[in-house]
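Sequential numbering of the sequence shown, starting at 114, is according to the working numbering.
Note that CB positions come from ideal geometry on N, CA and C, so glycine has one too.
The block underneath contains the structure these notes are about, expressed in structure tokens.
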Amino acid sequence: MTLVKVPYNENRTNDKGYYLNNQCEDSAFFPGRHAQVIVRGENIGVVGVLHPNPLPLSLLNNDRSNLAKNEWNLLSNVIHAYDEANIIPQIKYYLEQQSSLPPKLRSKASKSIDIFKVLFSTLQLFIERSPYFHDLSIDTRQILIQNNYETAGTLNSIFVIREIKALDNITFQASCITIYGDKITTHSDHLTNRLEPNGIFVKIMILILAFSTNCSIVTPYYSGTIINLASALSIFKIQNVLVTMFWKYLNYQYGFIGAVRCFNCLIKYILDILHSANEMRNIQHEKMIDGLVEETKHLLSREN
């Protein structure tokens with residue numbers, strides 16, 4: 114396999130190399146984030162913190178990381194799998210098409226829910242490109258979809274929304290308000306702005322969530338979410354591979370302390386997504402998610 118260069122990160126910097134985003138509440142001690150400056154008890158503002166110069170990433174050339182060759186391969190494959198799914202261009206084009214509809218037509222609730230249905234459905238395009246997914250039995254894949262689709266799909270949706278600046282689009286804003294209301298729409302804007310700026314990290318986290326034994330809100334007494342021991346062990350093995358690779362990559366980028374803080378921020382963000390998903394639940398949203406889950410499970414059941 115030919116390995117390609119993985120971008121160091123996707124943050125924007127000013128002409129002095131200072132990072133412009135602050136996405137973590139622990140940012141005062143986090144490499145590459147802003148820091149609050151306090152002198153004699155007074156907060157005098159925020160200044161940029163110079164990010165450590167990235168090591169040259171021709172992946173294996175001059176490699177001084179702890180990642181093994183197969184882990185660099187995995188990292189490269191995860192990134193390419195997401196990019197090859199063409200998710201972001203598809204959603205951007207779809208939103209442009211919706212925006213071109215007559216105002217009376219695009220204001221219908223059915224059109225609004227269609228936007229979110231297409232947005233959430235793109236998760237399948239990503240996870241289906243993972244060989245790990247196809248190594249699992251059909252029953253195990255269906256349980257993963259049942260348990261993880263909403264949370265992993267929400268993280269993926271937030272990432273896409275940020276990348277295409279969907280919340281700046283009047284049609285998308287109107288759709289958010291139609292389906293979820295003003296309060297949830299405002300909170301979604303805040304959640305989007307807090308998302309980890311490094312897209313590589315987000316793509317890996319989406320896949321980690323997709324292969325969780327259960328990263329969604331627990332539904333008591335629903336037998337369809339129960340995983341047998343053999344399936345659980347096979348999923349744990351995949352989780353271990355993905356998380357180990359991710360942890361080593363974070364250490365490679367930021368060092369141990371920076372990796373701890375970055376991973377902590379990502380975990381906290383996932384917990385906030387779970388809370389938000391519970392808050393935004395309504396009949397239309399639940400019907401949409403349930404429909405997508407069943408459609409995806411049905412497609413999987415027809416695979417050889």
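If the criterion is Cβ atoms closer than 8 Å, does the pair residue i and residue j meet it?
| i | j | result |
| --- | --- | --- |
| C328 | A265 | yes |
| L387 | I319 | no |
| K361 | L187 | no |
| I226 | I292 | yes |
| L355 | F324 | yes |
| S344 | S250 | yes |
| Y207 | V231 | yes |
| I297 | E399 | no |
| R307 | Y245 | no |
| Q259 | K410 | yes |
| R242 | E197 | yes |
Could you check which residue in the options has the C-alpha nearest to that of residue i?
| i | options | result |
| --- | --- | --- |
| L280 | I228, H411, N395, G371 | I228 |
| R275 | Q366, Y367, I201 | I201 |
| Q203 | F233, I317, C375 | F233 |
| L304 | A372, Y207, K221, L379 | L379 |
| V406 | K205, N183, T235, S213 | T235 |
| A194 | I297, K316, Q255 | K316 |
| Q352 | L257, P216, L208 | L257 |
| Q237 | L218, E263, R219 | E263 |
| F349 | S243, I321, Q366 | I321 |
| S220 | N183, T326, T284, F376 | T284 |
| M111 | E209, D385, F314 | Absent from the structure is residue 111, since the part of the chain shown begins at 114 and ends at 417. |
| I240 | N199, N282, L218 | N199 |
| I402 | N261, F376, H247 | N261 |
| K278 | R374, E209, C375, L218 | E209 |
Roughly how many angstroms lie between the CA atoms of residue i and residue j, to the nearest whole one?
| i | j | result |
| --- | --- | --- |
| L363 | F369 | 8 Å |
| S212 | S223 | 14 Å |
| D295 | K182 | 48 Å |
| Y367 | P310 | 14 Å |
| F404 | Q255 | Residue 404 is actually Gly in this sequence, not Phe. Answer to the nearest angstrom: the Cα atoms are 14 Å apart. |
| F143 | Y365 | A caution first: F143 carries a pLDDT of 36, below 50, which makes its placement in the model unreliable, though a value can still be read off. Whole-angstrom Cα-Cα distance: 15 Å. |
| I340 | A372 | 31 Å |
| Y334 | P215 | Reliability of the predicted coordinates at Y334 is poor, the pLDDT of 49 falling under 50, and the value obtained from them is presented with this limitation in mind. Using only the alpha carbons, I get a separation of about 45 Å. |
| T326 | T253 | 10 Å |
| K205 | L342 | 41 Å |
| G312 | S301 | 18 Å |
| E408 | V273 | 22 Å |
| C289 | S189 | 34 Å |
| F376 | T299 | 26 Å |
Looking at the ligand MN, does it come within less than 7 Å of residue i, judged from the CB to the closest heavy atom?
| i | result |
| --- | --- |
| K350 | As for the ligand MN, it is missing from this structure, which has no ligand bound. |
Next item on the list: Just list the alpha helix (DSSP H) runs in the stretch 272 to 345, keeping only unbroken ones of 4 residues or longer that don't cross its boundaries, in chain order.
Entry: Listed in chain order, the complete alpha helix (DSSP H) runs (minimum 4 residues) inside the stretch 272 to 345 are 283 to 293, 295 to 307, 312 to 323.
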